[in-house]
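> As they're listed, the protein sequences go chains A and B.
If you count the first sequence from 1, position 10 lands on 10 in the UniProt record's numbering, and the numbers rise without skipping.
If you count the second sequence from 1, position 56 lands on 56 in the UniProt record's numbering, and the numbers rise without skipping.
Pasting in a structure now, in structure tokens, and then I'll have a few things to ask.
2 protein chains.
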Amino acid sequence: MSDPVLAHLLADRTAFVARLAALVACPSVSTDPAYAPGMAEARGWWCARLAALGFRGVREVAAGGHPAVTAHWHGAGSAAPTLLVYGHYDVQPADPVAAWTSPPFALTPRHGRLHGRGVSDDKGPSLLAIETLGAFLAVEGRLPCNVTILLEGEEEVGSATLGRILEANRALFAADAVLSADGARWRADLPTMTIATRGVAALELSVRSAGKDLHSGRYGGVVANAAQALAQLLASLRDSSGEIAVAGFADGAALPDAATRADLARIPFDVAAHDAAIGAPPSGLTTAQFLERLWLRPTLEVNGLWGGYTGPGGKTVIPNLAQAKLSMRLVPGQDPARVVAAVAAHLRRHCPPGVALEITTHRDGSRATEVPGRHPLLLAAEAALEATTGRAPLRVRMGATLPLSDIVQRVLGLHTVMFSFATADEDFHAPDENWRESAIPEGFAAWVALLRRVGGPRRADFAG
Amino acid sequence: MSDPVLAHLLADRTAFVARLAALVACPSVSTDPAYAPGMAEARGWWCARLAALGFRGVREVAAGGHPAVTAHWHGAGSAAPTLLVYGHYDVQPADPVAAWTSPPFALTPRHGRLHGRGVSDDKGPSLLAIETLGAFLAVEGRLPCNVTILLEGEEEVGSATLGRILEANRALFAADAVLSADGARWRADLPTMTIATRGVAALELSVRSAGKDLHSGRYGGVVANAAQALAQLLASLRDSSGEIAVAGFADGAALPDAATRADLARIPFDVAAHDAAIGAPPSGLTTAQFLERLWLRPTLEVNGLWGGYTGPGGKTVIPNLAQAKLSMRLVPGQDPARVVAAVAAHLRRHCPPGVALEITTHRDGSRATEVPGRHPLLLAAEAALEATTGRAPLRVRMGATLPLSDIVQRVLGLHTVMFSFATADEDFHAPDENWRESAIPEGFAAWVALLRRVGGPRRADFAG
């Protein structure tokens, strides 16, 4: 361990965990307006920390939504590339809180993992990146390349205003590539680089049958049941084999070819163990089928549904209102707005008699993205992982979405390389979200190795 | 107005409303254990009032559930019939509380109606009956017949232990017929006697796909969605024309014949006005079709469903658990246990792959019931209504259930005549439950007239 920056980081590990605990303690749930104070706390924490580490231009930038936090260090000269280093400070709701083993906003170590909402997605991985950059400044007084930092506050709500923030501040965020501390690595036991993400789109629907809930004895048989109608609408989204039955849903979708399927079959992956680990019955899928469904095929999920009486005991009521939230994961070639329109048209076509259907969308979706195989930042990241793990990383894909990748491509014309030290099994978006303690030294080593390599390629290399 | 008992009651009307307000203020929600104190409050109120009115044997009787309140006056002699006068002190949940115009447990007059949970079902109508009996004792020192009072605490939870209470206290509740203050009259503009009720049965189901909620990007496509599976199961309960598609569901059901349908067609009823009044789109049904569906055909309703994320904004989660409550209304010939078994078998047969289905039942159901057309108490009630309204009442049926009628038939061998002064449009089981103020003088007059007529038939007349 001859690298002085890495040595500095490893010596400071206890303070790192204490800082992470302070950041996790800020309940920065972006989707729920009730958590606005937690959002402000998290921004305040980050601004103070970035200033203390020596970054310039620490400020909040907003475009009608939760502000992003930005800062920069541009002292490497105009021949050196500029990286836009990305993370996000917002988190998913902790709901259902009762399902957590320890309080969601109190960082709690257990069995070699740190537990808390956002610890893995994305507070821990973001802090790894920023503290590594800070260590370069502390130990060497400079960074190997120019760096602009962007910590978003709306990643968990589809990066609702990120595009507008970038559009309004193009000069501030001008860069050669995006290096993201978000976008978890696939597995802890295998070095991987994630080269593609699925897109996402979402909508909500409500079904109304009468002016109010009605007694099931006094009205049963002569008025439509909104909960029944909702169930029929949701069921209509699938055919009898369980496949998505929405006309136009997959229009334009690039489906995998035989070569891609063969590549998938060569990836070491135990489907049965995966099913068992999540407590699901055996899916019976082959590795290639499993990975194709997860990475290269679109999905349509009911994220939540509700209507009528849901308390203890019974209530013989006919619900007049039932609602559901739907979201879709998209593959290259699918346009989020067209997919939402196809689902909405399907729902309107299949709406049973006696109820009124209302469909709402709260945010733009994101397209699927893929980073070119010869991108210099991708190659540098692969080299850094090989150097620090001793194994050449495998190129994989991700079933989830980084709206970031789509937005920076569209607004700034930049590709995004994901370099996160979260792992996909860490229950982000679920109770008991956690982060491996071992990710801290692994992440420090890899970030130091990557940044030293980014000093190598000249800015012009990024143009391709 | 020459009847001194009626004059006494009408003079005391303000005090009646004050007493009703005190009773409504007891939040006696039987289905939710959190309301046990409100249940006890309501029992305490009734015991004190019954004793003050001069009834004997005031006490609570229980058989493992919420106690019933009972009292009696048996001074009319053994040749006079004994009526078991029934009401219930429990109420439906007030949920959703936000939908109420005034607080549910604060009696609030508005537009000629008294509003509050339970005011119509069944606190107001029960209090009418008991206060009328009390007025006979106050004015005349006696009742025209022997009376035993039974105020149940579990009507809104399917009269879960009423059968056991009666079985354990057969001597206490021995009578010639049941006269129920529950079982709302059909309409306010037309004197009616309800001669039949539908039965009821219920079950809950839960669908589980994995050990916990999962991220829709990182698992979408390779794990079953419990909410989607629930929707498919509920949708499978209906065929493409919306009819119940459960094998064995209607086994043994007595379907209406042509003569019954012709009777239905002669009942004055405006279907379009009814649809408009409840805020539903026009059903397009004829009066005969409407009444057949409401009175003479079984139903299967989703009373509530829930699963996944239901808060504000979006959450891209795959729910691992989704649940629903179902209830059915039954017609003569259907056995509640066999109907539940048929629905459960259907659900098991239609359960999609990748999820585990669990079905639970919390209570026994009730059979449909019908009172014989020549029953002396029915004839006395019809005569009382004709005398006080000037019109011969129409015989109608009820889509709702009085488990009472089934239980007293089974345990005590008694028929039940419903003599309620609630009306079916008063939103019981829904927000803004209300009761017409005009029901108070109408009810007083009718109860006085009926009780004077029950003094007429000798006990032996009830044997048929």
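Here a beta-carbon is modelled for each residue, glycine too, at the ideal position from N, C-alpha and C.
Since this is a predicted model, take the numbers as computed values, not measurements.
How many Å lie between residue 255 of chain A and residue 297 of chain A at the Cα?
7 Å
> Would the C-beta of residue 203 of chain B count as close to the ligand ZN, meaning under 7 Å from any of its heavy atoms?
The ligand ZN is not part of this structure, which contains no ligands at all.
> Beta carbons nearer than 9 Å to chain A: which residues of the stretch 190-217 of chain B have them?
197, 198, 200, 202, 204, 208, 209, 210, 211, 212, 213, 214, 215, 216 and 217
> Are residue 432 of chain A and residue 101 of chain A close, meaning C-beta to C-beta below 8 Å?
yes
> Would you mind reading off the limits of the beta strand (DSSP E) that contains residue 147 of chain B?
146-152
> If you measure beta-carbon to beta-carbon, which residues of the stretch 417-442 of chain B are closer than 9 Å to chain A?
424, 425, 427, 428, 429, 430, 431 and 432
> Skipping 5 residues on each side, what residues in its chain have a beta carbon closer than 8 Å to that of residue 265 of chain A?
Residues of the same chain with a CB within less than 8 Å of the CB of residue 265 of chain A, apart from the 5 flanking positions on each side, are 286, 287 and 288 in chain order.
> Is the Cβ-Cβ distance between residue 151 of chain A and residue 219 of chain A less than 8 Å?
no
> Residue 318 of chain B versus chain A: which residues are under 8 Å apart at the beta carbon?
In chain order, 301 and 303 make up the part of chain A whose C-beta sits under 8 Å from the C-beta of residue 318 of chain B.
> I think residue 195 of chain A touches residue 55 of chain A, with their Cβ atoms under 8 Å apart; what is that distance to the nearest whole Å?
That pair is no contact at about 29 Å.
> Using the C-alpha atoms, what's the distance from residue 253 of chain A back to residue 464 of chain A?
In this prediction, residue 464 of chain A has a pLDDT of 48, which is less than 50 and means its spatial position is unreliable; nothing more can be read from the coordinates.
> Quick check on residue 403 of chain A - is its C-beta less than 8 Å from some C-beta in chain B?
no
> Can the beta-carbon of residue 68 of chain A be found closer than 8 Å to that of residue 165 of chain A?
Against a cut-off of 8 Å, the Cβ pair of residue 165 of chain A and residue 68 of chain A comes out as a contact.
> Just mark residue 64 of chain A as buried or exposed, buried being the case when its beta carbon has 16 or more other beta carbons within 10 Å.
exposed
> Which chain A residues sit within Cβ distance under 8 Å of residue 31 of chain B?
Think of a sphere of 8 Å around the beta carbon of residue 31 of chain B: the chain A residues whose beta carbon falls inside it are 311, 312, 313, 314 and 315, in chain order.
> When you check each C-beta in the stretch 84-107 of chain A against every C-beta of chain B, which residues fall closer than 9 Å?
92, 93, 95, 96 and 99
> Mark residue 52 of chain A as exposed unless 16 or more other C-beta atoms lie within 10 angstroms of its C-beta, in which case mark it buried.
exposed
> In this structure, how does DSSP classify residue 447 of chain B when only helix, strand and coil are distinguished?
helix
> Spell out whether any CB of chain B is found under 8 Å from the CB atom of residue 290 of chain A.
yes
> Going straight from the alpha carbon of residue 73 of chain B to that of residue 79 of chain B, what length do you get?
Their Cα atoms are separated by approximately 15 Å.
> For the stretch 336-344 of chain B against the stretch 212-227 of chain B, do three or more pairs of beta-carbon atoms, one drawn from each stretch, fall closer than 8 Å, so that the two count as touching?
no
> Between residue 447 of chain B and residue 415 of chain B, what straight-line distance do the alpha-carbon atoms span, to the nearest angstrom?
19 Å
> Indicate whether at least one CB of chain B lies closer than 8 Å to the CB of residue 294 of chain A.
Yes, residue 294 of chain A lies at the interface with chain B (some Cβ there is under 8 Å from its Cβ).
> With DSSP collapsed to three states, give me the class of residue 109 of chain A.
It is a strand residue.
> Could you name the residues of chain B that residue 223 of chain A contacts, counting a contact when the two beta carbons are closer than 7 Å?
278 and 280
> Where in the stretch 283-370 of chain A do unbroken runs of the alpha helix (DSSP H), each at least 4 residues long, occur, reported from the N-terminal end onward?
Listed in chain order, the complete alpha helix (DSSP H) runs (minimum 4 residues) inside the stretch 283-370 of chain A are 287-291 and 336-350.
> Does the Cβ-Cβ distance between residue 423 of chain A and residue 185 of chain A come in under 8 Å?
Contact flag set, yes.
> Going by beta carbon distance, what residues of the same chain come within less than 7 Å of residue 449 of chain B, once the five residues before and after it are set aside?
384, 387 and 388
> Can you list, in chain order, the residues of its chain with a C-beta nearer than 7 Å to that of residue 169 of chain A? Leave out the 5 residues immediately preceding and following it.
61
> Residue 325 of chain A CB to nearest chain B CB: under 8 Å?
So yes, residue 325 of chain A belongs to the interface.
> Relative to chain E, which residues along the stretch 139-158 of chain A have a C-beta separation below 9 Å, given in chain order?
No chain E appears in the structure shown, which is made up of the protein chains A and B.
> Is residue 37 of chain A buried or exposed, if buried means 16 or more other CB atoms sit within 10 Å of its CB?
exposed
> With respect to the beta strand (DSSP E) encompassing residue 85 of chain A, which residues constitute its N-terminal and C-terminal limits?
82-88
> So, does the CB of residue 13 of chain B fall closer than 8 Å to a CB anywhere in chain A?
no
> At least one CB of chain B closer than 8 Å to the CB of residue 38 of chain A: is that the case?
no
> For residue 3 of chain B, which three-state DSSP category applies?
coil
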